[in-house]
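**Student:** Got a structure for you, written out below as structure tokens; questions coming shortly.
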Amino acid sequence: MINEHYLHMLENKSVIRELSEEATRKGAKIGYENVFDYSLGNPSVPAPESYKETLMEILNTMDPMELHGYAPTTGNPVVKKELAASLNKRFGMNYQDIHIFPTAGAAGAIAHALRAVTKEGDEVIVFAPFFPEYNPYINDTGARIRIVEADTEAFQINFEDLEKKLTDNVAALLINTPNNPSGAVYTEETLTRLAEVLHRKSAEFGHNIFLISDEPYREIVYDGKKAPYAAKFYEHTLTCYSFSKSLSIPGERIGYVAVNPACEKADKLVAMFGQISRGIGHNCPSSIVTIAMGRTCDDTSDLSVYETNMNLIYDCLKELGFTVTRPGGTFYIMPKALEEDSVAFCKKALEYNLVLVPADSFHAPGYFRMAYCIDTEKVKRSLDALREFVNKEYPDRA
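Numbering follows numbering that gives the first Met the number 0, in which position 343 of the sequence shown is assigned residue number 342; successive positions increment by one, without gaps.
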């Protein structure tokens with residue numbers, strides 16, 4: 000018998016994917032270079048040469064069995080040591096290989112982390128605005144998503160609403176910093192206060208509340224700053240990472256979970272992830288890409304183009320009268336639409352070949368998201384289209 004749950008999911012297609020498909024259709028008619036597609040967060044800069052050279056080297060020099068054979072259930076031990084050493088050096092941690100679990104990107108990392116620290120009926124708190132896929136990530140584990148409303152001033156954490164939502168049923172919090180879609184980076188002050196709340200509530204409830212930190216945009220931070228490392232602030236943290244953005248290799252689907260060594264059951268969790276893999280069919284990411292990940296984990300693509308694009312777009316949005324918070328990182332910006340219905344706003348923008356994403360599915364109605372991981376030349380051309388759109392459709396804006 001057909002599973003009705005997944006059949007129903009077909010009726011709720013990702014609005015991001017739908018708009019990306021619309022951009023492709025428009026491009027077929029007028030040339031994709033004339034479509035200003037801000038829909039999909041697909042990195043637009045090439046992977047670093049070091050990554051390509053590493054792949055060539057391991058293909059030419061490594062033993063075929065080691066290169067192409069099955070990896071251990073909990074991951075290649077050499078790579079795990081390389082990742083642990085990198086994190087320790089960068090963030091002052093004390094990870095060992097037993098605390099690292101390679102995964103198929105950040106999504107695979109979150110899938111394992113959620114299943115390790117929740118059971119059916121538990122609640123997992125997320126913070127608006129959030130990546131829409133958190134809904135199936137959480138709900139399909141048997142846990143239930145609980146949403147803390149957005150702090151629309153700075154897109155930090157709305158602690159007043161968190162205190163209301165944080166009950167004995169909550170097993171974990173899932174945060175995303177730097178954040179998709181707002182571009183906000185949680186400050187040290189925010190993470191310090193969050194840790195205080197979690198310690199206090201864990202003591203009150205008699206069980207530890209886990210923090211799952213989704214960090215695929217950790218290296219894309221602006222103004223010469225660095226993103227604070229959440230696991231430094233709270234010991235019961237599982238860090239979920241992907242190299243999709245830092246190395247510009249989203250198609251490789253490679254990342255990891257890092258278990259804070261001070262975490263509850265820190266010596267057992269990675270072994271548990273291996274057992275979780277048996278149930279969800281994960282069974283280790285690509286051996287070749289895993290080895291390359293370990294050797295290039297401290298490298299990045301040239302990510303500076305994203306800051307250039309952000310400044311161009313932010314300045315234009317402010318010039319046109321948008322309410323918008325300047326991003327601290329990622330390659331996303333989330334302005335408030337010029338009318339209450341952001342879906343209608345984005346549909347009007349399509350007439351000017353601007354593909355913008357209404358942020359309703361991110362739990363931010365009235366806002367829209369722009370993924371500015373496109374060529375700077377195209378960003379510059381898009382600003383004239385944006386000005387024309389706003390001036391013609393909203394001439395009486397305040």
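Where is the CB? At the ideal position from N, CA and C, for every residue including glycine.
How big is the Cα-Cα spacing for P401 and P260?
**Tutor:** The chain is shown only over 0 to 397; residue 401 falls outside these bounds and no answer can be derived.
**Student:** Write down the C-beta distance between Y240 and A257 rounded to the nearest angstrom, noting that I regard them as a contact closer than 8 Å.
**Tutor:** About 7 Å separates the beta carbons of Y240 and A257, which is inside the 8 Å limit, making them a contact pair.
**Student:** Go through the stretch 263-350 residue by residue and report every complete run of the alpha helix (DSSP H) that reaches 4 residues or more, in order.
**Tutor:** 268-279, 286-294, 303-318, 341-349
**Student:** Could you spell out the range, first to last residue, of the beta strand (DSSP E) harbouring V147?
**Tutor:** 143-147
**Student:** Using the Cβ count rule (16 or more neighbours within 10 Å means buried), how would you classify I290?
**Tutor:** I290 is buried by the Cβ-count criterion.
**Student:** Is there contact here, the stretch 205-221 with the stretch 168-177, by at least three beta-carbon pairs under 8 Å?
**Tutor:** yes
**Student:** Leaving aside the five residues before and after T375 along the sequence, list all residues of the same chain whose C-beta is less than 7 Å from its C-beta, in chain order.
**Tutor:** For T375, same chain residues with a beta-carbon under 7 Å away, outside a window of 5 residues either side, are V304, T307, N308 in chain order.
**Student:** Helix or strand or just coil, what does DSSP make of V354?
**Tutor:** strand
**Student:** If we ignore side chains and look at the alpha-carbon of each, how far apart do E218 and L302 end up?
**Tutor:** 8 Å
**Student:** Enumerate, from N- to C-terminal direction, the unbroken alpha helix (DSSP H) stretches of 4 or more residues contained entirely within the stretch 150-215.
**Tutor:** 158-164, 187-204
**Student:** Would you call T329 buried or exposed, if buried means 16 or more other Cβ atoms sit within 10 Å of its Cβ?
**Tutor:** buried
**Student:** Should the stretch 21-36 be called in touch with the stretch 349-359, which here means at least 3 C-beta pairs below 8 Å?
**Tutor:** yes
**Student:** To which residues does DSSP link S241 through a beta bridge?
**Tutor:** G254
**Student:** So if DSSP puts Y366 in a beta bridge, which residue, or which two residues, is it bridged to?
**Tutor:** DSSP output for Y366 lists K335 as bridge partner(s).
**Student:** Any heavy atom of the ligand HEM closer than 7 Å to the CB of G141?
**Tutor:** With respect to the ligand HEM, the structure shown offers nothing to examine, as it has no ligands at all.
**Student:** For the structure I just gave you, are there three or more beta carbon pairs, one from the stretch 272-284 and one from the stretch 147-165, closer than 8 Å?
**Tutor:** no
**Student:** Out of curiosity, what's the CA-to-CA distance linking Y185 and P63?
**Tutor:** 44 Å
**Student:** With DSSP collapsed to three states, give me the class of V14.
**Tutor:** helix
**Student:** If distances are taken between C-alpha atoms only, which option among Q155, E195, I97, N207 comes closest to N168?
**Tutor:** N207
**Student:** What residue range does the beta strand (DSSP E) around I124 cover?
**Tutor:** 122-126
**Student:** If I measure Cβ to Cβ from E122 and keep anything under 6 Å in the same chain, skipping five residues before and after, which residues do I get?
**Tutor:** R143, R145, N168, V169
**Student:** Is it buried or exposed for A202, if we count other Cβ within 10 angstroms and need 16 for buried?
**Tutor:** exposed
**Student:** Consult DSSP for T102 and reduce its assignment to one of helix, strand or coil.
**Tutor:** strand
**Student:** List the residues that DSSP assigns as beta-bridge partners of F35.
**Tutor:** L353
**Student:** Can you tell which of Y366, L66, Y331, F321 has the C-alpha that lies nearest to the C-alpha of R386?
**Tutor:** Looking from the CA of R386, the closest CA among Y366, L66, Y331, F321 belongs to F321.
**Student:** Ordered along the chain, which non-local residues of its own chain (more than five positions away) have a Cβ less than 6 Å from that of P227?
**Tutor:** E187, L190
**Student:** Mapping the DSSP letters down to three states, classify V220 as helix, strand or coil.
**Tutor:** strand
**Student:** Going by alpha carbons, who is nearest to S360 out of K377, N138, L9, V14?
**Tutor:** V14
**Student:** Per DSSP, T236 forms a beta bridge with which residues?
**Tutor:** L210
**Student:** Which same chain residues, not among the five before or five after S381, have their C-beta less than 6 Å away from its C-beta?
**Tutor:** F35
**Student:** Anyone know if the C-beta pair for P45 and S300 falls short of 8 Å?
**Tutor:** Less than 8 Å separates the beta-carbon of P45 from that of S300.
**Student:** Within this structure, are the beta carbons of P131 and S181 separated by less than 8 Å?
**Tutor:** Between P131 and S181, the C-beta spacing is not below 8 Å.
**Student:** Would you grab the beta carbon distance between P76 and P284 for me? Rounded to a whole angstrom, and I think it's under 8 Å.
**Tutor:** P76 to P284, Cβ: 15 Å. No contact.
**Student:** Give the secondary structure of K88 by DSSP, where H, G and I count as helix, E and B as strand, and everything else as coil.
**Tutor:** In the displayed model, K88 falls within a helix according to three-state DSSP.
**Student:** Can A265 and H98 be called in contact, C-beta distance under 8 Å?
**Tutor:** yes
**Student:** Taking a contact to mean a Cβ-Cβ separation below 8 Å, would you say D298 touches S49 in this structure?
**Tutor:** Yes, Cβ-Cβ distance for D298 and S49 is below 8 Å.
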